[in-house]
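Enquirer:
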Amino acid sequence: MLKVLFFARYRETLGTEQLDLPYHPDLTHLEEVRKTLAKQGGKWQVLNDTGLMCARNQELVELHTPIQDGDELAFFPTVTGG
Amino acid sequence: MLKVLFFARYRETLGTEQLDLPYHPDLTHLEEVRKTLAKQGGKWQVLNDTGLMCARNQELVELHTPIQDGDELAFFPTVTGG
Amino acid sequence: MISIKVQTAPFNVGIETQLAHQNNLSAGALVCFSGFVRDFNDGRNVRSLHLEHFPGMTEKSLQKIAEEACARWPLLKVNIIHRVGTLNLGEPIVFVATLSAHRDAAFHACAFIMDYLKTRAPFWKKEQSAQGSVWVESKDSDQYAAKKWQESRTQKENFE
Amino acid sequence: MISIKVQTAPFNVGIETQLAHQNNLSAGALVCFSGFVRDFNDGRNVRSLHLEHFPGMTEKSLQKIAEEACARWPLLKVNIIHRVGTLNLGEPIVFVATLSAHRDAAFHACAFIMDYLKTRAPFWKKEQSAQGSVWVESKDSDQYAAKKWQESRTQKENFE
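Protein chains in written order, with the working numbering: chain A, 652 to 733; chain B, 652 to 733; chain C, -13 to 146; chain D, -13 to 146.
1) Can you pull the chain A neighbours of arginine 106 (chain C), defined as C-beta to C-beta under 8 Å?
2) Given a cut-off of 9 Å, decide if leucine 48 (chain D) and alanine 107 (chain D) are closer than it, judged by their beta-carbon atoms.
3) So, does the CB of phenylalanine 109 (chain D) fall closer than 9 Å to a CB anywhere in chain B?
4) At a CB distance below 8 Å, what residues from the stretch 114 to 139 of chain C approach chain D? Give them in sequence order.
5) What residues in its chain sit with their C-beta under 6 Å from that of alanine 725 (chain A), if we drop five residues either side in the sequence?
6) Are the beta-carbon atoms belonging to valine -1 (chain D) and phenylalanine 93 (chain D) less than 9 Å from one another?
7) Starting from valine 80 (chain D), find everything on chain B with Cβ-Cβ shorter than 8 Å and list it in chain order.
8) From the DSSP secondary-structure annotation, give me the bridge partner or partners of isoleucine 1 (chain C).
9) Going straight from the alpha carbon of serine 119 (chain C) to that of valine 32 (chain C), what length do you get?
10) Give a yes or no on whether the minimum CB-CB distance between glutamate 54 (chain C) and chain A is below 9 Å.
11) Using a 10 Å radius around the Cβ and a threshold of 16 neighbouring Cβ atoms, would you call serine 20 (chain D) buried or exposed?
12) Check the Cβ-Cβ distances between alanine 725 (chain A) and every residue of chain C, and say whether any is below 9 Å.
13) Could you spell out the range, first to last residue, of the alpha helix (DSSP H) harbouring isoleucine 67 (chain C)?
14) Closest by CA to leucine 85 (chain D), which one among D:Leu61, D:Gly76, D:Ala52 and D:Asn74?
15) By the 7 Å beta-carbon criterion, what residues does the stretch 10 to 25 of chain D contribute toward chain C?
16) Relative to the alpha-carbon of tryptophan 110 (chain C), which residue among C:His39, C:Gln8 and C:Asn9 has its alpha-carbon at the smallest distance?
17) Can you tell me whether DSSP reads methionine 100 (chain D) as helix, strand or coil?
18) Would you say arginine 662 (chain A) lies against chain C (beta-carbon separation less than 9 Å)?
19) Identify which residue in C:Ala87, C:Lys(-9), C:Phe26 and C:Glu54 has its Cα closest to the Cα of serine 12 (chain C).
20) Using 10 angstroms around the beta-carbon of isoleucine 67 (chain C), count the other beta-carbons present and answer buried if the total reaches 16, otherwise exposed.
21) So, is the C-beta of aspartate 90 (chain C) closer than 9 Å to a C-beta in chain D?
22) Of all the options C:Gln114, C:Ile99, C:Tyr130 and C:Lys133, which has the alpha carbon lying nearest to the alpha carbon of phenylalanine 81 (chain C)?
23) Whole angstroms are fine: how far does the CA of leucine 670 (chain A) sit from the CA of leucine 681 (chain A)?
24) Quick one: Cα of aspartate 700 (chain A) to Cα of proline 728 (chain A), how far?
25) List the whole-angstrom C-beta distance separating aspartate 128 (chain C) from lysine 104 (chain C), where the pair is believed to meet the contact cut-off of C-beta under 8 Å.
26) Using 8 Å as the threshold, is the stretch 709 to 716 of chain A in touch with the stretch 672 to 687 of chain A, meaning 3 or more CB pairs across them?
27) Run the CB neighbour count on alanine 131 (chain C), radius 10 Å, all protein chains shown included, and call it buried at 16 or more, exposed below.
28) Taking the straight line between their C-alpha atoms, what separation do you get for alanine 52 (chain C) and glutamate 54 (chain D)?
29) For glutamate 143 (chain D), which residues from the same chain have a beta carbon less than 6 Å from its beta carbon, with the 5 sequence-adjacent residues on both sides left out?
30) Taking histidine 36 (chain D) as the query, report the chain B residues whose CB atoms sit under 8 Å from its CB, ordered along the chain.
31) So, at 7 Å on beta carbons, what are the nonlocal neighbours of glycine 702 (chain A) in its own chain, with the 5 sequence-adjacent residues on each side left out?
32) From glycine 721 (chain B) to phenylalanine 26 (chain D), what does the alpha carbon distance come to, in whole angstroms?
33) Among C:Ser138, C:Thr72, C:Asp101 and C:Arg89, whose alpha-carbon lies nearest the alpha-carbon of alanine -5 (chain C)?
34) Pop quiz: glycine 29 (chain D) and phenylalanine 22 (chain C) are said to be a contact at Cβ under 8 Å. What is the actual Cβ separation, rounded to whole angstroms?
35) Kindly indicate which three-state DSSP category leucine 703 (chain B) falls into: helix, strand or coil?
36) So does glycine 42 (chain C) have its beta carbon nearer than 8 Å to some heavy atom of the ligand PLP?
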């Protein structure tokens, strides 16, 4: 199982802050997870945002980062703190 | 008349913080004043210091700056504040 | 010595500045950055700010940024405080203090931490203004500022 | 808005940091530099410091440096405090605060003011240590730091 978190504008648009996604060997990288979710269309197209950032197990990573079953993933808009 | 001030190490070496120098048309620039004083030899050679800085009427200037009768000049070592 | 605080409670930049130096007699230089909620942003009259973050990851990412600063420059102390939740106009959002023997290390480290924090720490600002409530857009200038440090990884040597 | 203070009385960097922002709702960024008397300098165990200056010229030169910073960057406030006379170990010598809408202007202006102050304001430090009393030598790195700003006079545009 993969845990997927959403923050800020994505969280609001999707109306959810977290979902569980069954792990599948085809989901080799974060990019596959993003595509799988985005191709549901509608509100999920927010994940096609050019400013999208992502994390794996609470560490900032790129979309081409490999993932494993049990990972906690997160997608969020470009950060704006400070 | 020219008023000449000395600070910090120069003041200590010369044993004076201020002197009045009669104005003379040959004293066209700060450099001439410095030379006139330094050539007295002995302790006055402190004015040959490579780190020497100078001011004219309380403004930082270069040795090639022209001077006038009545000016307040100052010679001092490289500043070390802050 | 690194201290990271992510908190909903307000803080006082004066008290934090004093705490950042206290009792360290080897410290010649302290640089403190304070960021505040200001009245105008991109033409909007801001009333308050809501700061969302990613609990857990936030603290880890700030710790990592502080550690990278310590690896680049000889620092005696790094203190970072960042507020989350609702902030009023004029209140401090973020405070970064860097303490060192010399000023160049303290200045560079403080600017570096802010540039990285702005682009790598999971915080999101939502502004409440007369025009309603909007998520703050990220700025290209912040991305550019952070990139500059990647091109100068050897800077530590300059300050030792 | 520029404030210059040259004083024998001690001051508190925390209080000064608070004063530097107070009531300015347009200010998003405050950078404060504090310089302290530290225990070791060039291998000497420092007990105290005596600061000599050139009364009259000192204030004028600090004012001029602050004005040049305001001409280069969009600043809301510049506060400079510099102590003279005898200072004890751990006490603040100098404090520079720069307030702006954005952090890059505040950071650059604060570093600029310190670099110019170190090389253009008529202060001289004499250290009291176990080895006696010595005039502090100027550092080439300070001259170098100040020169960099002369090569980048057009920097103001970058922050507007």
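Note that the Cβ used here is the ideal one computed from N, Cα and C, for glycine as well.
Expert: Based on what the coordinates show:
1) Stepping through the third sequence from its first residue, residue 106 (chain C) is reached at position 120. Residues of chain A passing the Cβ test: Leu711 and Val730.
2) The sequence position of residue 107 (chain D) within the fourth sequence is 121, counting from 1. The sequence position of residue 48 (chain D) within the fourth sequence is 62, counting from 1. Yes, Cβ-Cβ distance for alanine 107 (chain D) and leucine 48 (chain D) is below 9 Å.
3) The residue labelled residue 109 (chain D) in the question sits at position 123 within the fourth sequence. Closer than 9 Å to some Cβ of chain B, the Cβ of phenylalanine 109 (chain D) qualifies, so yes.
4) Ser127 and Ala131
5) Residue 725 (chain A) sits at position 74 when you count from the first residue of the first sequence. The answer, listed in chain order, is Leu656 and Ala706.
6) To locate residue -1 (chain D), count along the fourth sequence from 1; it is residue 13. To locate residue 93 (chain D), count along the fourth sequence from 1; it is residue 107. Against a cut-off of 9 Å, the Cβ pair of phenylalanine 93 (chain D) and valine -1 (chain D) comes out as no contact.
7) Residue numbering aside, residue 80 (chain D) sits at position 94 when the fourth sequence is read from its first letter. Chain B residues near valine 80 (chain D): Gly732 and Gly733.
8) In the third sequence, the residue the question calls residue 1 (chain C) occupies position 15. Its beta-bridge partners do not exist; DSSP assigns none.
9) Numbered from 1 along the third sequence, position 133 holds the residue referred to as residue 119 (chain C). Numbered from 1 along the third sequence, position 46 holds the residue referred to as residue 32 (chain C). Cα to Cα, serine 119 (chain C) sits roughly 10 Å from valine 32 (chain C).
10) Looking up residue 54 (chain C) in the third sequence gives position 68. No, its Cβ sits nowhere closer than 9 Å to a Cβ of chain A.
11) Position 34 of the fourth sequence, counting from 1, holds the residue named residue 20 (chain D). Classification for serine 20 (chain D): buried.
12) Taking the first sequence and counting its residues from 1, one reaches residue 725 (chain A) at position 74. Answer yes: the Cβ-Cβ gap between alanine 725 (chain A) and chain C drops below 9 Å somewhere.
13) Numbered from its first residue, the third sequence carries residue 67 (chain C) at position 81. Looking at the DSSP string, isoleucine 67 (chain C) is not in any alpha helix (DSSP H); the run it does join, the beta strand (DSSP E), is 61 to 69.
14) Stepping through the fourth sequence from its first residue, residue 85 (chain D) is reached at position 99. Closest option to leucine 85 (chain D), Cα to Cα, is D:Leu61.
15) Leu11, Ser12, Ala13, Gly14, Ala15, Leu16, Val17, Cys18, Phe19, Ser20, Gly21, Phe22, Arg24 and Asp25
16) Taking the third sequence and counting its residues from 1, one reaches residue 110 (chain C) at position 124. Of the listed residues, the one whose Cα sits closest to tryptophan 110 (chain C) is C:His39.
17) The residue given as residue 100 (chain D) occupies position 114 in the fourth sequence. Three-state DSSP puts methionine 100 (chain D) in a helix.
18) Mapped onto the first sequence, residue 662 (chain A) falls at position 11. Chain C has a Cβ within less than 9 Å of the Cβ of arginine 662 (chain A).
19) The count along the third sequence starts at 1 and reaches residue 12 (chain C) at position 26. Taking only the C-alpha atoms, the option nearest serine 12 (chain C) is C:Ala87.
20) Looking up residue 67 (chain C) in the third sequence gives position 81. So isoleucine 67 (chain C) counts as buried.
21) Walking along the third sequence from the start, residue 90 (chain C) turns up at place 104. Judged by the 9 Å Cβ criterion, aspartate 90 (chain C) is in contact with chain D.
22) One-based indexing of the third sequence puts residue 81 (chain C) at position 95. Checked all of C:Gln114, C:Ile99, C:Tyr130 and C:Lys133; the closest Cα to phenylalanine 81 (chain C) is C:Ile99.
23) Residue mapping note: residue 681 (chain A) aligns to position 30 of the first sequence, counting from 1. Residue mapping note: residue 670 (chain A) aligns to position 19 of the first sequence, counting from 1. The alpha-carbon atoms of leucine 681 (chain A) and leucine 670 (chain A) are separated by roughly 15 Å.
24) Here residue 700 (chain A) corresponds to residue number 49 of the first sequence, with the count starting at 1. Here residue 728 (chain A) corresponds to residue number 77 of the first sequence, with the count starting at 1. Between aspartate 700 (chain A) and proline 728 (chain A), the C-alpha separation is close to 8 Å.
25) Counted from its first residue, the third sequence places residue 128 (chain C) at position 142. Counted from its first residue, the third sequence places residue 104 (chain C) at position 118. Between lysine 104 (chain C) and aspartate 128 (chain C) the Cβ distance is about 5 Å, and since that is below 8 Å, they are a contact.
26) In this structure the stretch 709 to 716 of chain A lies against the stretch 672 to 687 of chain A, because at least three pairs of beta carbons, one per stretch, are closer than 8 Å.
27) Locating residue 131 (chain C) in the third sequence gives position 145, where the first residue counts as 1. Answer is buried; the Cβ neighbour count reaches 16.
28) To locate residue 52 (chain C), count along the third sequence from 1; it is residue 66. To locate residue 54 (chain D), count along the fourth sequence from 1; it is residue 68. One C-alpha to the other measures close to 33 Å.
29) In the fourth sequence, the residue the question calls residue 143 (chain D) occupies position 157. Confidence at glutamate 143 (chain D) is low in this model, with a pLDDT of 40, below 50, so the placement of that residue should be treated as unreliable; the coordinate-derived value is given next. Counting only Cβ-Cβ distances below 6 Å, and skipping sequence neighbours, we find nothing.
30) For this step, residue 36 (chain D) is matched to residue 50 along the fourth sequence. The contacting residues do not exist; histidine 36 (chain D) stays about 10 Å from chain B at best.
31) As a position in the first sequence, residue 702 (chain A) is number 51, starting the count at 1. Taken in chain order, the residues that qualify are Pro728 and Thr729.
32) Position 70 of the second sequence, counted from the first residue, corresponds to residue 721 (chain B). Position 40 of the fourth sequence, counted from the first residue, corresponds to residue 26 (chain D). If I take the Cα positions, the gap works out to 44 Å.
33) Here residue -5 (chain C) refers to the residue found at position 9 of the third sequence. Comparing C-alpha distances from alanine -5 (chain C) to each of C:Ser138, C:Thr72, C:Asp101 and C:Arg89 shows the shortest one belongs to C:Thr72.
34) Translated into positions along the fourth sequence, residue 29 (chain D) becomes position 43. Translated into positions along the third sequence, residue 22 (chain C) becomes position 36. The Cβ separation is near 42 Å, so there is no contact.
35) In the second sequence, counting from the first residue as 1, residue 703 (chain B) sits at position 52. If DSSP states are grouped into helix, strand and coil, leucine 703 (chain B) belongs with coil.
36) The ligand PLP is not part of this structure, which contains no ligands at all.
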